[in-house]
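I have placed the structure first, in the form of structure tokens, so that the comments after it can refer back to it.
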Amino acid sequence: MSLVFAFSANANHALAQRASLNVTQKSLKEVFRLLKEQTDVDFLFTESQLKNAHPVSISVKQKGLKEILALCFEGQGLSYVLNGNTVIVKKENNSPVLVNIQQRTITGIVTDEKGTSIPGVNIEVKGTGKRAVTNSDGKYSISIDKDNAVLVFSYMGMATQEVAVASRNVVNVELKAESADLSEVVVVGYGTQKKVNLTGAVASIDIAKVADSRPITNVSSLLTGLAPGLYVKSGNADPGGNASLLIRGQGTLNNSAPLVIIDGVEGDISRVSPQDISSVSVLKDASSAAIYGSRAANGVLLITTKQGVKGKFSISYDGYATMQSVGHLMPLVDNSVRYMELLNEAAKNSAVAPVFTEANIQKWRDNAGGDPLLWPNTNWADGLFRDVTAVNHNVSVSGGTDKLTSFMSFNYANNPGMIENTGFQRYSLRSNTQLQATSWLKVGMNLNGTYSTKDRGSQQLEGMFINSILAVPTVVPRHPDGRYGGTNNSEENSVALSPIFYVNQVKGTNKTNTLVSRFYVNVNPMEGLNVNASYNYNLFDNKITTIPTQNDRWNFQTNTILVPGAVALYVQKQDINNVRNFMDFDASYEKTLDKLNMKLMVGGSQERYLAENLAVTKQGLIDENLTQLNGATGVATATGTLDGDWAMHSYFARLNMAWDSKYLLELNIRRDGSSRFTQANRWGNFPSASIGWRISEEEFMKSLKSTWLNDLKFRASYGALGNNAVGDYESISVLSSVLYSFNNAPVNGFYQTRFPNLGLSWESTYVTNLGLDFSLFSNRLSGNLDAYNKLTKNILISLPAPLVNGTISIPPQNSAEVQNRGIELGLNWKDKIGEVGYFVGTNFTFNANKVLKFKGSEYSLSGTSMIKEGLPINTQYVLLVDRIIQTPEDVQWVADRIANAPFDPNDPETDPTKKRRLNAFPYGKPELGDFLFKDVNGDGIVDDNDRANVGKGSNPQFFYSFTLGANYKGFDFSAMIDGVGGIKTYFQNDYYNPVLRWSRIINQEIADGRWYPGRTTTATYPRLLLNDNRNTRSSDFWVQDMSFLKIRNIQLGYSLQSNVLSKLKASKIRFYATLENYFTFTKYKGLDPEVSGMAYPNVKQAVFGMNLTF
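For the sequence shown, the numbering used here begins at 30 and goes up steadily by one.
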């Protein structure tokens, strides 16, 4: 027996009436109800008729009912007849059935709403990977294998349409201007949300657009410039290294790194291949991040990896080769004669004996241009770095059935390193599988394993850059027969060495294995109820073997060993093993009551982390080619041991409410318990609340929505976050072992070295955020604007200890406060001119950092970097240079200052003519060619009391990026420009120093700009001195602006057209060429403004690659 439904109405306009619909995946029954509300038409149908009808997605405005019904019934196997004002649904006489048929070709034309044909539209047979593109007349042709095939039409600036082919051979499509996609979802903590309903500050990054074609193997560096508020700093760009990340400034004096969540569990961003990532979300405010509670104070990065897609399996290959070379090189004196002359000049200025005899210098002059193995002029800046080719290959397979889907990938990356013996290799394998066991039960498994190796020279890089100051021009790097050179100068210090020698001082292996596994289940026991549970097991195992090499350093003039290699050989084995066990459970229920939509989510998690680190060294290695401990004859000694163990238990909940899709509310709460704190302070609560107002949906905005406004939303949020990034045992006493003497015999014992901190608690961050999201001009322009205030309290710092404590130290205390306030702006424009599609985007972030509470009037000084209340973190605290003394007038001015220095208040003499004066220049009387420091406090004496604050801290005040791109037929072009400003650092070391030392390199710029006798007003650097630091005292002369602008990426690509692809049975073949990190504009004198001090710089890369899909 069939149940008949009828919706009553009174009218006689029938199919001529007009209606509007904007529905996504709605049932026919629901669509009929909506049409009935807008028209005077009845609908008559049976439940069985609609049983197999697929959901409908339609977006039309004031279209005729006949046209709307045609869209509703398309591909449904249903039709209708009109009886008066009643639409009677019936099955088609030739209703399509799911049977195998011969392959046939579908043709058609694609137009816009004005009837103009659109070239370059992408057409895909859904789930098969088959693709085609419309020609210049908007026409297309594509083959299908089944009558139930669905064609997907997509084009930039237009709404994507899915059309069922059914029995038709011609399918013409009208694409409509893209409206705000109400169904677009963004990954948030423990779930997803519709983008239009977000009330927190969340940046969603479409990383797939860049991951397949940029020569970057670590995700952290790939994020540069892609989201406002996210600052990426390379720090150290050695192969396999990671960039450091900051979200909305440095909020603490301790660990400021954001929390990284990969597929629901905390993970290492370096262990995931960029090509495996589906989406990245950046949670920046308390509303969006509070669901992660005590670890979210520095923001959260949510990374979701790819899953299998239902349909025919497709195979993709993404690969590239990149030619790498160093960018900026520091200019060094590479002429041996000039090097010796400059050292002697420095000795003369310091009134000491010459370093080199004139006879020796003349000998080198006479042999200039001779055999470079005997009379070298080595430039270490050139010789240290080499041009290399790195490769990356990624193969993935994706597909599945209605029941089972799978995504699998394999990645291989090989970077030999621009400095030899610093290479990096990584193998990565991923398998993400999901089974729809029943209509209400889904289970899945994600597995990711990596194996990587780093050459042992990578562990020598820090020491290598330090010791490279000994790489003077008289040293031969290496003989063609492989022997390493020392200095060929008999008057040179034998410590002079080659950086290439240093980086090869050790050999061995550095191997890392990781396993990341996730097993999950999803249950939908009833409509609106969704239950999830997962278990995660992560393993990190790093094994390092270190063996010194017996490399001698030679004088090739005398062909003798200058410095013998290591005599005492040893072998060291280090094993670092970390295990993370994580379980979580959450349940959510969603319900719509009239205009109110509500969703409640509750959950909990349990986590435990175990760490073991053991290093064993055994002396007396018989031969350096032996790598096992048994190959040494000495006693094995544990040179480093560490055990770590911490756990966390959490509960969390979130409530989302939306009224009429206009007024939005979100409430979050998380309660965390950490083993790092005592029982009294173990638990912390982290709530947040946010509201949203979709102004564009109000009645009074209709006139604007019909012209230029598409979407406008206001957001506001406030909440608390926590930081438990402290040591595992900071709250308890620390004991150290010691040998006591009892009865003249040593006895093992322990003594207390640190008091417990029973009051140790969470660092707490409170964030206020105001935001605006907008979309204008048919969604061609979209953007967001955020203003925030982030206040972090209870920051752990070390306070002064009373002397009565003796040698027992005071543990860190929750005492300091830091504030970050800023503005973020993101703008994107995309459009089309003729057959050329293009886009332009930018984002800008301004952040003001300030220490609000520290140690009262006291400050902390590390080198020149100061932490003090009222100033940004790591403000430079230095003397100020007035000028270089170069003229007789300058000399007289110094003499007058000495003659008129203040009287010594401790001198009892009362006669002014006899009273002793203070030393006006405690650092030493400045002479011609020296700095003249400013007397900042005006007391007539230049000393440490005249130091002043310079700069705004170690992090930029603002950073920005610009992206642009265009496509024409098969060609595509894109570029990215990014930069930072308002960041200063102190850069004055042996690479950049007017104080010379025996067997130390000399900077060419300083040598050329130095003051010397006869140079009166044009010197840009002080005179050269030998072992005299008067001009290298910490001053603003050596504080450098690290602001920069980089053309980060320029790319040109070409994709083969559909007619060629069909012959090759491929759905995508694209070739591209890229320049990465090629152009940098900066005043910074070091190797790279993104790298602190002297470290492995970012590399310039010329890339050639391809993307294939079959």
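We put the beta carbon where it would ideally sit given N, CA and C, even for glycine.
I'd like the span of the alpha helix (DSSP H) that includes residue i, first residue to last.
i       : result
Met369  : Ser365 to Asn378
Gln1033 : Gln1033 to Gly1038
Phe61   : Leu57 to Gln67
Lys11   : Outside the displayed span of the chain (30 to 1139) sits residue 11, for which this structure offers no information.
Do residue j and residue i count as a contact pair if the criterion is CB distance below 8 Å?
i       : j       : result
Lys432  : Leu476  : no
Glu792  : Asn823  : yes
Leu820  : Gln842  : no
Trp675  : Arg705  : yes
Thr707  : Leu764  : no
Gly748  : Ser285  : no
Asp484  : Thr451  : yes
Ser1072 : Phe1139 : no
Asp959  : Ile914  : yes
Leu961  : Val920  : no
Tyr1140 : Leu275  : This structure leaves residue 1140 out entirely; the chain is present only between 30 and 1139.
How many angstroms separate the CA atom of residue i from the CA atom of residue j?
i       : j       : result
Glu887  : Asp975  : 17 Å
Ala272  : Glu1105 : 16 Å
Leu358  : Lys998  : 41 Å
Leu312  : Gly220  : 13 Å
Asp933  : Arg946  : 5 Å
Gly1115 : Met1123 : 7 Å
Gly721  : Lys624  : 16 Å
Asn559  : Asn461  : 21 Å
Leu262  : Val880  : Leu is not the amino acid found at residue 262; the sequence shown has Lys there. Each residue's Cα considered, the two are about 22 Å apart.
Val126  : Met612  : The predicted position of Val126 is uncertain, since its pLDDT is 36 and thus under 50; no value can be drawn from it.
Ile1076 : Pro502  : 34 Å
Thr541  : Thr482  : 6 Å
Asn876  : Lys691  : 31 Å
Gly1134 : Thr578  : 39 Å
Ser766  : Ile306  : 48 Å
Ser31   : Asn872  : Here Ser31 scores only 36 on pLDDT, less than 50, and its place in the model should not be relied on; the value that follows carries that caveat. Taking the straight line from one Cα to the other gives about 59 Å.
Ile529  : Pro360  : 19 Å
Leu598  : Gln534  : 12 Å
What does a CB cutoff of less than 7 Å around residue i pick up in its chain, not counting 5 residues either side in sequence?
i       : result
Leu890  : Tyr906
Glu728  : none
Ala816  : Leu799 and Ile852
Leu251  : Ile236, Val239, Ala240, Arg243, Ile245 and Pro303
Thr1047 : none
Ala1036 : Val362 and Leu371
Got a sec, what are the start and stop residues for the beta strand (DSSP E) residue i sits in?
i      : result
Leu282 : Careful: Leu282 lies outside any beta strand (DSSP E) and carries neither H nor E.
Trp853 : Before going on, a small fix: residue 853 reads as Glu here, not Trp. Looking at the DSSP string, the run of the beta strand (DSSP E) that includes Glu853 is Gln842 to Ile862.
Arg926 : Not the beta strand (DSSP E): Arg926 falls in the alpha helix (DSSP H), residues Pro917 to Ala928.
Trp688 : Ala665 to Trp688
Gln222 : Gly220 to Lys223
Skipping 5 residues on each side, what residues in its chain have a beta carbon closer than 8 Å to that of residue i?
i      : result
Met895 : Tyr888, Ser889, Asn903, Thr904, Gln905, Tyr906 and Asn978
Ala382 : Ala376
Going along the chain, which residues of its own chain have a beta-carbon closer than 6 Å to the beta-carbon of residue i, five neighbours each way excluded?
i       : result
Ser1003 : Gly994 and Gln1080
Asn561  : Asn551 and Asp615
Ile23   : Only positions 30 to 1139 of the chain appear in this structure, which leaves residue 23 out of reach.
Asp860  : Arg809
Gly870  : Asn857 and Thr992
Tyr346  : Val424 and Leu1137
Ala40   : At Ala40 the pLDDT is 37, less than 50, meaning the model places this residue with poor confidence and gives no usable figure here.
Would you call the stretch 1032-1051 in contact with the stretch 1082-1094, where contact means no fewer than 3 C-beta pairs closer than 8 Å? no
Three CB pairs or more closer than 8 Å across the stretch 93-110 and the stretch 133-151: no
Take every Cβ of the stretch 498-507, pair it with every Cβ of the stretch 402-416, and state whether three or more of those distances are shorter than 8 Å. yes
Give a yes or no on contact between the stretch 548-555 and the stretch 577-588, applying the rule of three or more CB pairs nearer than 8 Å. No: the two stretches stay apart, fewer than three of their Cβ pairs being nearer than 8 Å.
Determine, using beta-carbon pairs with one atom in the stretch 622-638 and one in the stretch 647-666, whether at least three such pairs fall under 8 Å. no
Do the stretch 694-703 and the stretch 767-782 touch if we need at least three Cβ pairs shorter than 8 Å? no
Cβ contact check for the stretch 1020-1027 and the stretch 1054-1063: 3 or more pairs under 8 Å: yes
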